[in-house]
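Visitor: Okay, so the sequence shown: first residue is 40 according to the numbering used here, each after it adds one. Ideal Cβ positions, reconstructed from N, Cα and C, are used throughout, including at glycine. Okay, here's the structure, questions in a sec.
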Amino acid sequence: MSKVFSPSQMSAWTQCGTLRSLRNEGWVPRRADARNFAAWVGSGVAEGLAVWNTQRAKGEEGNPCKVTAPIDEMVEVASQEVQDQMTRFLEAGGMLVEEDYLTSVKNIRPFLELATDHDPLGAWTIDCAECELGEAYGNARCDLFGKDEDGVWSVLDYKCTTNLQARWVQSRLDSELYGNQSEFYTWGMRNVREVDVARFYILLLILRPQPRVVLEYREIDLELQGQWLKSAQDQWTMMSLEDEGLRTPSRNGDHATKFGPCTFREACLYQKQDRILMQTDYIQVPRKEKKHVNQKV
Ligand code: SF4
């Protein structure tokens, strides 16, 4: 069997093989923007929620999770995570507008309070938070694993967005519910835990214009998952060949995403991926070693 790559690696490769390869070398634009801040806050909020969910996972099997959220501790852990990301970015030579950064950081507590004050998982049995699937599964980890209120083994992924108009909520949910991660995590957790994982959930936190917590799931169809797996294995084979230098990384000819120009357009089209020239507009940020939060697998 080919090497397995995580959903984030798969998504990056689907966007563009060259983009995945540059990202894996640690390259990022020298100037941080709102997208960077949103990603840092998102990973901070995930770490903060893991503190609470890890405590809830320690409840007895079959009992509802009634642990009071340690909100101050969660905010502290989340803020530290964002601070770490910013420090590594600045130490690598990155630049940011401090005011924009501070504005983003102010969202940490509201996100965590929204998730805890309006928690829809009170009837779940949480098994683990930040569950690591291990090296055989591309070192991927899912936000939450447990039995939902119907007693069905499920994987849940948290997403947070600062601003999302009501008319865009369903399309955002659909893009998350039917993406690679839904198949990957349910397939991986079923294999690792040897239980029937039948549902994939998205818990979407929206701060503005109206604070909202939206929980939605889809049932996993094993026949469709088999088709996904065959396609994923072909993709993993090509990704492995690229990593071993046996295949040139693919290129997305549009050099753009649905959000605008690709962040590496300067690097690819003007600097021709010359690593010296690239240092004008890009920096290399060392990868962070992930902490082991709660590993039962
Ligand atoms: S600029 Fe084009 S080729 Fe380069 S990483 Fe982006 S999409 Fe890929």
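Is Asn63 near ligand 1, with its Cβ less than 8 angstroms from a heavy atom?
Guide: Incorrect: Asn63 has no Cβ contact closer than 8 angstroms to ligand 1.
Visitor: Rounding to the nearest angstrom, what Cα-Cα distance links Ala338 and Asp166 in this structure?
Guide: Look at the range of the chain in this structure, 40 to 336, and you will see that residue 338 is not part of it.
Visitor: What are the start and end residues of each continuous alpha helix (DSSP H) run of 4 or more residues lying completely inside the region 201-241, in chain order?
Guide: Counting whole runs of 4 or more residues, the region 201-241 contains the alpha helix (DSSP H) stretches 208-216, 219-232.
Visitor: Quickly, what does DSSP pair Ile322 with across the bridge? List them, please.
Guide: Paired residue(s): Val67.
Visitor: Measuring CB atoms only, is the region 235-242 touching the region 188-207, in the sense that at least three cross pairs come out at less than 8 angstroms?
Guide: Result yes; three or more Cβ-Cβ pairs closer than 8 angstroms.
Visitor: Rounded C-beta distance between Arg314 and Gly65? I'm assuming under 8 angstroms.
Guide: Wrong, their Cβ atoms sit about 11 angstroms apart, outside the cutoff.
Visitor: Between which two residues does the beta strand (DSSP E) carrying Glu255 extend?
Guide: Its beta strand (DSSP E) spans residues 251-258.
Visitor: Please report the distance separating the alpha-carbon of Arg62 from that of Tyr321.
Guide: When rounded, the distance between both Cα atoms is 11 angstroms.
Visitor: With a threshold of 8 angstroms, establish whether the CB of Leu316 neighbours any heavy atom of ligand 1.
Guide: No, ligand 1 has no heavy atom inside 8 angstroms of this Cβ.
Visitor: Return yes when at least one heavy atom of ligand 1 lies under 8 angstroms from the C-beta of Cys181, else no.
Guide: Not under cutoff, so the answer is no.
Visitor: Looking only at C-alpha atoms, which of Thr296, Lys186, Tyr256, Leu203 sits nearest to Gln220?
Guide: Of the candidates Thr296, Lys186, Tyr256, Leu203, the one whose C-alpha sits nearest the C-alpha of Gln220 is Tyr256.
Visitor: Glu169 lies in the beta strand (DSSP E); which residues open and close that run?
Guide: Run containing Glu169: 164-171, per the beta strand (DSSP E) assignment.
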